[in-house]
Amino acid sequence: MSVTSPHTSRRSRWKIALGSALGAALIAVPLTIPASAAVPPPPSGWTTVFTDDFTGAAGSLPSSANWIIDTGHAYPGGPANWGTGEIQNYTANPANLAQDGAGNLRITPLRDGAGNWTSARIETQRTNFKPPAGGALRIEGRIQMPNVTGAAALGYWPAFWALGSPYRGNYWNWPAVGEFDIMENVNGINTVWGVLHCGVNPGGPCDETTGLVGSRTCPGASCQSAFHTYTFEWDTSVSPNVFRWLVDGQQFHSVGQNQVDATTWANMTNHAGYFVLLNVAIGGAFPNNNSGTTAPGPGIVPGHPMLVDYVTVLTRGGGTTPTTPTTTTASPGGGSAYGTIQAESYGQAAGIAKQATSDSGGGQNIGPAGNGDWALYPGIDFGTQTGRQFQARVASGAAGGVSGLVEVRLDSRSNPPVGSFAVANTGGWQSWRTIPANISGVTGKHDVYLTFTSGQPADFVSVNWFTFTS
Ligand SMILES: [Ca+2]
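Going from the sequence shown to our numbering is simple: count from 1 and add 4.
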């Protein structure tokens, strides 16, 4: 998925086949590949860092601890039509997005009686998927594309992909932050496209808005008629470093570090990492350019889901970098989660300074903060309503390529974050913006920790205040 301007060059691989295909009878063909499989154990030397097997109850949404559900026609403040010209409205309706009770997630495009399209798009809460230093990262999904071809498929655009973490909350820094299209497909063609987007748009080292593209037909059964395993690897254990794209274990595309300039490579690899997305778009630049028509075509048939058996992320090699913060004094804290919580009101903190803020409202902010720093706000009350979003007022004068995560954890710094967002330079250490992030539903009273995580040693964020909404 190119996220800003329309693709211009991925065109004319396929012409609409009107006629004979339309008259063909529907024939039920038994699947020879299991519809759902357990996530395979990590190969020797690899460690699983994220996995979702989508084994929830039929009709249930995917885990909110793992996934953010994107809705509407754009990110708040982001490019219209998700930057691609796609026409559908994304929803959190189980008709568009649900586990099937048989081990798969289904993303189903639908069209209502007025001709309006809906579908779904999700992205991982985590934005820090990257290889450990000197190691490798693997992002893998077992997916069956919407099982529809020909004129009935003209306008379908399923995708399994990843975006650089600084995109979240900014939305205007593409393609410098990097985009890995692990699996893209349009118009029901028996082809998987793998794409790297990077650098500047248009043109640049990644030939935007096309990107650096590889493709092939699916091995064995078609991409549409069967599950296939789509894999992306980022290998820093070899020189030059390399990105690889595979389908069913067969490599079909690669881009080496020596194929782009050093600054471009650094800008897409030196931030906190990537988040993973799954969606089925309808219409937009890629299906248009590929067909030479305006998608969706008149013969499109809604209701064919993309099935996702699992998504898993693995790393190999490198070492972990434990953080060993030191604490300062405690205070009683308390207060409502839904009021404005001044960042400098923390009870305990590590690596945090208070300073006068020039943000509206004045007072103080905390920071700059960097990897391993944290602040504790004890006894924050979410009450009986369910807190589902976190917003923080942040600023960053971090150097180019430096970014990190602002994370919310409850009751212990060793608990996994309930939500997070990525921050890179906002224009200066007193250039403030409010960034939202979903959190998994929270009720009751908790000790709230803000924790700061980055792959770089430099400080990356200051915080003026934060709040929660239900
Ligand atoms: Ca599964």
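Using N, Cα and C, we set each Cβ at its ideal position, and we do this for glycine too.
ILE147 is a Cβ neighbour of MET310, given a cutoff of 8 Å.
Counted as a single uninterrupted DSSP element, the stretch harbouring ALA399 is not any alpha helix (DSSP H) but the beta strand (DSSP E) occupying residues 391-400.
The criterion of a C-beta distance shorter than 8 Å is not satisfied by LEU414 and SER424.
Of the heavy atoms belonging to ligand 1, none sits nearer than 7 Å to the Cβ of TYR453. In this structure the region 173-188 does not lie against the region 308-322, because fewer than three pairs of beta carbons, one per stretch, are closer than 8 Å. Per the coordinates, the alpha-carbon of THR51 lies some 40 Å from the alpha-carbon of THR344. Here the distance from the Cβ of ASN132 to the nearest heavy atom of ligand 1 is not below 7 Å.
At a Cβ-Cβ threshold of 8 Å, GLY159 and GLY287 count as neighbours. Going by beta carbons, ASN191 and CYS222 fall outside the 8 Å limit. Straight through space, the alpha carbons of PRO306 and ARG115 are spaced by roughly 6 Å. For ligand 1, no non-hydrogen atom lies closer than 7 Å to the CB of GLY401. Check the Cα spacing between SER64 and each of ASN132, PHE290 and GLY107: the tightest is with GLY107.
Within the DSSP bridge table, the entry for MET149 names no partner.
Taking the Cβ atoms as the reference, ARG130 lies roughly 6 Å from PHE54, within the contact range of under 8 Å.
By the Cβ-count criterion, THR112 is buried, with 16 or more other Cβ atoms from all chains shown falling within 10 Å of its own Cβ.
If you ignore the 5 residues before and after PHE133, its C-beta comes within less than 8 Å of the C-beta of VAL53, PHE54, LEU141, ILE143, ALA166, GLY277, TYR278, PHE279, VAL280 and VAL317, all in its own chain and listed in chain order. Under the three-state reduction of DSSP output, TRP86 falls in the helix class.
According to the DSSP assignment, ASN369 belongs to the beta strand (DSSP E) that extends over 368-373. Per DSSP, reduced to three states, the secondary structure at SER444 is strand.
Exposure of ASN419 is indicated by the presence of fewer than 16 other C-beta atoms within 10 angstroms of its C-beta.
Between the region 214-221 and the region 429-445 there are fewer than three C-beta pairs closer than 8 Å, too few to call the two in contact.
In the DSSP annotation of this structure, the continuous segment of the beta strand (DSSP E) that includes PHE425 starts and ends at 423-427.
Exclusion of ASP363 from the 7 Å shell around ligand 1 follows from its C-beta lying no nearer than that to any non-hydrogen atom of the ligand.
Excluding the 5 residues flanking it on each side, SER364 has no same chain C-beta neighbour closer than 7 Å.
The C-beta distance from HIS308 to VAL152 rounds to 4 Å, short enough to fall under 8 Å. C-alpha of ASN369 to C-alpha of TYR342: approximately 19 Å in a straight line. The beta carbon of GLY107 sits closer than 7 Å to at least one heavy atom of ligand 1. Between the beta-carbon of ASP252 and that of ALA41 there is about 13 Å, and that puts the pair past the 8 Å contact cut. If you check the CB distance, PHE386 and HIS450 come in under 8 Å. PHE256 sits in a strand when the DSSP states are folded into three classes.
Under the three-state reduction of DSSP, THR267 is assigned to helix. Note on the region 154-226: whole beta strand (DSSP E) runs with a minimum of 3 residues are 160-168, 183-188, 196-201 and 216-220, in chain order. If you check the CB distance, SER407 and TRP433 do not come in under 8 Å. ASP377 sits close to ALA354, with the two beta carbons spaced by under 8 Å. Take the alpha-carbon of VAL43 and the one of GLY105: they are about 16 Å apart.
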